[in-house]
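Data first, discussion second: the structure below is written as structure tokens.
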Amino acid sequence: MSNVVIAGQHVLLPDLTEELTTEDGALCLPPDESERRSFLDEHGSGVKVAVTSSFAGFDADLMDALPDLELIANFGVGYDSTDVEAASERGITVSNTPDVLNDGVADLGVGLIIDVLRGISASDRFARAGKWKNGAFPLQREVTGRRVGILGLGRIGQEVATRLEGFRCEIGYHNRNEVETSYRYFGSAEELAGWAEVLVVLTPGGAATKALVDADVLAALGPEGYLVNIARGTVVDEDALVQALNDATIAGAGLDVYPNEPHINEALMALDNVVLTPHIASGTRETRRAMADTVLENVRTWLADGRAVTPVN
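With our numbering applied, the sequence shown covers -15 to 297.
Next up, the structure:
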């Protein structure tokens, strides 16, 4: 009988799944619902630790099927797809992988800003299509000196801001609470968007931030403004975003996350002023290895002495 079960192994780092199964004797939860029920009936008792990811998540029903569960170790910094409230009610600890992905996510955020303002991906498509011989690519916008609003100035937001200081950008932010920083604070997302030329979304996901960036925020950002989302797709009202892009309410967007991943709204794919990446912000070899090491540390520390290294509840 194994003390560890893996949910959603297909979206975990393969090396992590292999290490957990070979070294810790972990079992993989079948994705098929009927197979899963049989698996839980046979192996559910005795499982103390479950490993999952923000893509797979972990709900209350699954917790109830594992009566001896003590820890849910999440592969990722975001854990909104796991029912943390239900876990807390059942005395189950949830952990994540903070800090180790700050650089990777911040790098991609700045990359999306540069790409969408300078039209790098769009100009690549222009060149590959042989359009250059018919005329020059349209002029784009500079990144240097822009007013950048960061919606969610946490660890990753600070890293984005630090990188943008090198571009002589002016930084503003909105959090639920003002923090100690030299950056300018705004009392709401709409106020921040009204000041910013680029709005970078870095809030956590979940019910509290659902559709935080709505039609009013996008209208405040304005026709010269750009949206970059490297947080969660649910934070942005996607219908309002599509409308704003089609109506030129905003100038463009760089998106790494979507409400219904891995599906991307076809209306977004049809727009040339939108840069789309498939949720790759933490998708570097270095970052994913560090995330895996954090998961392993949480699992092994818990099994050794009942302690999580990076608990969230």
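Glycine is no exception: its CB is placed at the ideal position from the N, C-alpha and C atoms.
- Judged by DSSP secondary structure, Val94 falls within the alpha helix (DSSP H) whose first and last residues are Asn86 to Arg102.
- Approximately 6 Å separates the beta-carbon atoms of Glu222 and Asn249; this is inside 8 Å, confirming the contact.
- In the three-state reduction of the DSSP assignment, His158 falls in the strand class.
- Considered as a whole, the region 224 to 281 harbours 250 to 253 as its complete alpha helix (DSSP H) runs of no fewer than 4 residues, in chain order.
- Here the C-alpha atom of Val182 lies approximately 15 Å from the C-alpha atom of Arg168.
- Taking C-beta separations shorter than 6 Å and ignoring five residues to either side along the sequence, the partners of Tyr157 in its chain run Ile134, Leu137 and Tyr167, following chain order.
- Annotation: the continuous alpha helix (DSSP H) that includes Thr5 extends over Pro(-2) to Glu7.
- Burial of Glu143 is indicated by the presence of at least 16 other C-beta atoms within 10 angstroms of its C-beta.
- Across the set Glu73, Val89 and Ser22, the C-alpha of Val89 shows the shortest separation from the C-alpha of Arg272.
- Bounds of any alpha helix (DSSP H) do not take in Thr77; it lies within the beta strand (DSSP E) bounded by Thr77 to Ser79.
- Around the Cβ of Ile155, a 10 Å sphere holds 16 or more other Cβ atoms; the residue is buried.
- Going by DSSP, Phe23 is part of the alpha helix (DSSP H) stretching over Glu17 to His27.
- For Ser(-14), the closest C-alpha among the options Val201, Leu239, Ala204 and Glu7 is that of Glu7.
- Cβ-Cβ distances below 6 Å link Ala237 to Leu211 and Val258 in the same chain, with the five nearest sequence neighbours on each side left out; the list follows chain order.
- In this structure, DSSP gives Asn(-13) a state outside helix and strand, which the three-state scheme calls coil.
- Under the three-state reduction of DSSP output, Ser65 falls in the coil class, being neither helix nor strand.
- The alpha-carbon separation between Leu24 and Ile264 amounts to approximately 32 Å.
- In the DSSP annotation of this structure, the continuous segment of the alpha helix (DSSP H) that includes Thr146 starts and ends at Arg139 to Glu149.
- Relative to Leu287, the option among Thr77, Pro(-2), Leu96 and Met47 whose CA is nearest is Thr77.
- Excluding its 5 nearest sequence neighbours in each direction, Asp256 has C-beta neighbours in its own chain below 8 Å: Ala106 and Arg109, listed in chain order.
- For Gly133, the beta-bridge partners assigned by DSSP are Gly156 and Leu183.
- In its chain, beyond the 5 residues on either side, Met(-15), Ser(-14), Val(-11) and Leu11 have a beta carbon closer than 8 Å to the beta carbon of His27.
- Relative to Glu3, the option among Ala173, Arg74, Trp116 and Arg284 whose CA is nearest is Arg284.
- Across the set Ala71, Arg130 and Glu69, the C-alpha of Arg130 shows the shortest separation from the C-alpha of Ile97.
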